[in-house]
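Read in the numbering used here, the sequence shown has 1573 at position 365, and its numbers run on one by one without any break.
Accompanying notes for the structure given below.
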Amino acid sequence: MDETASCSDVGEPQEPIFEGDYSFNTGIKRHITLADFLIFVSSLVASTAIGFYQAWRFKNNLGLEEYLIAGRSMSAFPVGLSMLASFVSTISMIGHSVEVYNYDTLYVWDAVGYVFGIATAAYLYIPVFYHLRITTAYQYLELRFSRSLRFVVAVLFVINMTTYMSIVLFAPSIAINAVTGLGLWGSTYTVGVICTLYTAFGGMKAVIYTDVFQFILVFVGSIVLLIKALIKVGWIALSESAGRTNRLKFFDFRLDPTIRHTVWNLAIGHSFTILTLYGVNQVLVHRCLACKTLRNAKIALLINILGRCAFLSIFVSIGLCMSAFYEYCDPQRAQLISHSNELLSLFMMDVLDDVTGLPGLFLASMFNAALGTFSSGLHSISAVIVEDIIKVYVTAHLGENRERLTMQLIAIMFGAVCVEFSFLFFETESILRAKIANLSLLSGPLLGVFSLGIFFPWANTGDNLYKFCLISYQGAMAGLFGSIFFLGLLLVRKGISTPLTSESKFGHGCVNNCNSTALDITPLMAEVETNPERHVYHLSYMWYSFIGTTLCVLVGLVVSYATGFRDPRQIDPRLIVPFFDHVFPFYYLPETTREKLRFGINHEGKFNVMSRTISRTSYASSRTKSKATTDSGIIPVKHRSSSELHWRYPGSVISREKTLGTEV
């Protein structure tokens, strides 16, 4: 309620615990200086220059493979940093810190998701794609299932990433609007135009090396803000405030799946969300395929475990500092900011403004975090559209120059689309939840489809899109659309901006040096669901990826059973991972037991057959019998979607003119 209150009304301490010309004492938001603005602009110029320099450097040697996957020549360190830059976005910077400010530190259990999700991708999923020597992850689906499934999943990826990149553009626009007064339109177009240009013309190497610079800038800016915040707040004040406001919360083992955050949904649910990104998302798979060896790809992924956990720790700590700093003056209630997404920018100006240039440095880090994510997404979208749609359904013979030009035009077009779509998210209260909900809606089912193919050799699918439209019951397709439908229903019924439960956000409004003033002394509460009925639509958003993956696998297996399992012996072993040979504790089982669990598939030496190569075309569409068999037992089959000859071994599907690597 609103009422006139004196200092005694709001409790101890009665004076602001931080004296100075901070926003909560003056009621005025600070803006960056000219020096800060020049540092910020310089960072954008540097990012653009690196991208165009790489484009100029390789202009005479920018073949198609060089443009798409950097000639498969990248080492682990730059690729690892590029991956970090791709998904350590401004959303993460704002979302993690504001999560702790609004709630508590329970979110640190996300680190478990980083460890298990990325490690699983490195040792179970990425080796399959790398050994196949494919360009996009979705080519695997045609080899394992059918061309129609490859097309559907490619389209879903484009939709998913377009939405995600629109959210990514929205986040830094809020930050720069808050500290410069530049309109949201202007800041959004700045990010979009810069990123689109160097991504379109530079290719994969331009994206990776620019990502490295942007990651370094993000890391330095984040560390500077954390150090200054700890100095400004002080360890004693920080620990006392965390105790008063109950921010230090590390354990909640309740089994209720409708609770917003628990140890279980953060550790298990987030593991699946991370696995969808690092295991089957083209943005990160693309980078693994650019590595010169599989070992380099695995090291790059392990670098990401350390990097993601480090960034989580940094921004959880910044969130605690924000909670202590604004403990007795919540900026949103004081109308210093319009919603919590602007909080990090306000805190940055309050803490860093006493040193000229530091606000500009951190603002540059926030902006460059968005640039890295946006450029990576654009490059992957253009590759998927050309490789998985145009070259399959339009023409397989574009030629290197026309194909590269087509990808550049697609990157420019989708850059413009994402800029326009970003304005749909300007009223989103929690960009972290919006990001996770968006990724989970489609990424969970997509992970389920790949898991069906990689771990369940008897799963089947329809042979063509027309057949699927007529009898929508084939395994992988049914699992994919069944899980998407269910998750979509969850989001529609629950919404992505209304939480079910919440914690109290401690804050009384600004004391303003203890002058008697009109204060709202009611504790600030996030919106709470008042309907006592708890049902499936109230599930925590952290479970969405897990639910999507599990539903897709279960529905796919049931429908595969109903329509007839495939014979595992008729599938090339390179398309299957022997799960029980890789996962603890199953690999301790006796060899005779594990042999039965391979379901008749012989995996011995499958990556050492130097004569086998991979076709971009479908095994499903080549399953016809009665082709002329050569003396070696190989059946040659020509496909419209590829100019390469597809050699089908009896019971397998592998061929291309490049031999497969042997390194594991």
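Virtual Cβ for every residue (Gly too), placed ideally from N, Cα, C.
From a predicted model like this one, the values you see are computed outputs, not experimental measurements.
Three-state secondary structure assigned by DSSP to residue i
i: residue 1537; result: coil
i: residue 1227; result: coil
i: residue 1739; result: Note on residue 1739: pLDDT 49, under 50, position unreliable in the model; no value is reported.
i: residue 1841; result: Because the pLDDT of residue 1841 is 34, which lies under 50, any placement of that residue in the model is unreliable, and the question is left without a value.
i: residue 1361; result: helix
i: residue 1413; result: helix
Expected contact under 8 Å - CB spacing of residue i and residue j to nearest Å
i: residue 1542; j: residue 1232; result: 6 Å
i: residue 1344; j: residue 1619; result: With a Cβ gap of about 15 Å, residue 1344 and residue 1619 do not count as contacting.
i: residue 1325; j: residue 1483; result: 4 Å
i: residue 1568; j: residue 1244; result: 3 Å
i: residue 1341; j: residue 1557; result: Between residue 1557 and residue 1341 the Cβ distance is about 50 Å, and since that is not below 8 Å, they are no contact.
i: residue 1553; j: residue 1383; result: 5 Å
i: residue 1811; j: residue 1781; result: 5 Å
i: residue 1473; j: residue 1748; result: 5 Å
i: residue 1407; j: residue 1289; result: At roughly 17 Å, the Cβ-Cβ gap does not stay under 8 Å, so residue 1407 and residue 1289 are not in contact.
i: residue 1434; j: residue 1526; result: 6 Å
i: residue 1511; j: residue 1284; result: 7 Å
i: residue 1313; j: residue 1528; result: 7 Å
i: residue 1359; j: residue 1600; result: 7 Å
i: residue 1668; j: residue 1774; result: 5 Å
i: residue 1167; j: residue 1432; result: Given that the chain is displayed from residue 1209 to residue 1872, the structure contains no residue 1167 and the question cannot be resolved.
i: residue 1617; j: residue 1488; result: So it is not a contact: roughly 27 Å between Cβ atoms.
7 Å Cβ cutoff met for residue i and residue j
i: residue 1806; j: residue 1793; result: no
i: residue 1588; j: residue 1491; result: yes
i: residue 1623; j: residue 1756; result: no
i: residue 1523; j: residue 1304; result: yes
i: residue 1306; j: residue 1548; result: yes
i: residue 1166; j: residue 1300; result: What is shown of the chain runs 1209 to 1872, which leaves residue 1166 out entirely.
i: residue 1520; j: residue 1318; result: yes
i: residue 1499; j: residue 1287; result: yes
i: residue 1426; j: residue 1573; result: yes
i: residue 1398; j: residue 1259; result: no
i: residue 1874; j: residue 1372; result: Any property of residue 1874 remains undetermined from this structure, which presents the chain solely from 1209 to 1872.
i: residue 1428; j: residue 1240; result: no
i: residue 1460; j: residue 1471; result: yes
i: residue 1798; j: residue 1666; result: no
i: residue 1559; j: residue 1440; result: yes
i: residue 1368; j: residue 1650; result: yes
i: residue 1627; j: residue 1396; result: yes
i: residue 1320; j: residue 1518; result: no
beta-carbon residue i near the ligand GTP non-hydrogen atom, thresh 6 Å
i: residue 1654; result: The model depicted lacks the ligand GTP and carries no ligand whatsoever.
- Message: Give the list of continuous alpha helix (DSSP H) stretches no shorter than 4 residues that lie fully inside the segment 1419-1490.
- Response: With a minimum length of 4 residues, the continuous alpha helix (DSSP H) runs that stay inside the segment 1419-1490 are 1443-1453 and 1478-1483.
- In chain order, which alpha helix (DSSP H) runs of at least 4 residues are fully inside the segment 1556-1644? 1566-1592 and 1608-1629
- the segment 1402-1415 / the segment 1275-1283 touching (three or more Cβ pairs under 8 Å): yes
- Message: Quick check: the segment 1363-1380 against the segment 1577-1587, are at least 3 beta-carbon pairs closer than 8 Å?
- Response: yes
- Item | In chain order, each beta strand (DSSP E) run of at least 3 residues that lies wholly inside the segment 1290-1320 | For the segment 1290-1320, not a single whole beta strand (DSSP E) run of length 3 or above is found.
- Taking contact to mean at least 3 C-beta pairs separated by less than 8 Å, is the segment 1503-1513 in contact with the segment 1348-1363? no
- Are the segment 1528-1535 and the segment 1318-1336 in contact at 8 Å, needing three or more beta carbon pairs? no
- Take every Cβ of the segment 1363-1370, pair it with every Cβ of the segment 1598-1614, and state whether three or more of those distances are shorter than 8 Å. In this structure the segment 1363-1370 does not touch the segment 1598-1614; the number of beta carbon pairs closer than 8 Å is below three.
- Task: Mind the definition here: the segment 1658-1669 touches the segment 1765-1782 only if three or more C-beta pairs lie below 8 Å; say whether that holds.
- Result: yes
- Does the count of Cβ pairs from the segment 1452-1466 and the segment 1282-1298 closer than 8 Å reach three? no
- Touching by the beta-carbon criterion (3+ pairs, under 8 Å), the segment 1251-1262 and the segment 1414-1424: yes
- Message: Which runs of the alpha helix (DSSP H) at least 4 residues long sit entirely within the segment 1755-1804? Give them in chain order.
- Response: For secondary structure counted as the alpha helix (DSSP H) over 4 or more consecutive residues, the segment 1755-1804 holds these complete runs in sequence order: 1787-1790 and 1799-1804.
- Would you mind listing the alpha helix (DSSP H) stretches within the segment 1325-1358 that are 4+ residues and don't spill past its ends, in chain order? 1334-1340 and 1347-1352
- Those runs of the beta strand (DSSP E) which lie wholly inside the segment 1491-1535 and span at least 3 residues: none
- Item | 4 or more residues per run - each alpha helix (DSSP H) lying fully within the segment 1233-1284 | 1242-1265 and 1272-1277
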